[in-house]
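Every letter in the sequence shown is one number past the one before it in the UniProt record's numbering, and letter 44, counting from 1, is 44. So the structure is just underneath, and the comments pick up after that.
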Amino acid sequence: SPSLGYRAEPTTPPGTVRLHGLSEANAIAVVPEDTSTVVAGDTLHCLLLDA
Numbered sequence: 001s002p003s004l005g006y007r008a009e010p011t012t013p014p015g016t017v018r019l020h021g022l023s024e025a026n027a028i029a030v031v032p033e034d035t036s037t038v039v040a041g042d043t044l045h046c047l048l049l050d051a
């Protein structure tokens, strides 16, 4: 829920890029350019995608 936040899960294994995984996503996490690592519990802005 927007008031409690959302939970994110990778669509592909770390370090890989696969278009199929992106096609199943319902949001895209925006990682700041100066951020090299994102760990569980970090807060990120996300773009919610309409189905």
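Every residue, glycine too, gets a C-beta built ideally from N, C-alpha and C.
task = Report the three-state DSSP secondary structure of residue 19 (helix, strand or coil).
result = Counting from 1 along the sequence shown, the entry for residue 19 is found at position 19. Looking at residue 19 - three-state DSSP - the assignment turns out to be helix.
* Would DSSP call residue 48 helix, strand or coil? -> Here residue 48 corresponds to residue number 48 of the sequence shown, with the count starting at 1. Residue state, collapsed to three classes: strand.
Residue 49 versus 19, 26, 10 and 18, residue with shortest Cα-Cα distance:
For this step, residue 49 is matched to residue 49 along the sequence shown. For the residues 19, 26, 10 and 18, the minimum Cα distance to residue 49 belongs to 26.
- For residue 8, which beta-bridge partners are listed by DSSP? Position 8 of the sequence shown, counted from the start, is the residue given in the question as residue 8. Answer is none; residue 8 lacks a bridge partner.
**Q.** residue 11 versus residue 42 - alpha carbon distance
**A.** Taking the sequence shown and counting its residues from 1, the one referred to as residue 11 is at position 11. Taking the sequence shown and counting its residues from 1, the one referred to as residue 42 is at position 42. Near 18 angstroms, if we compare the C-alpha coordinates of residue 42 and residue 11.
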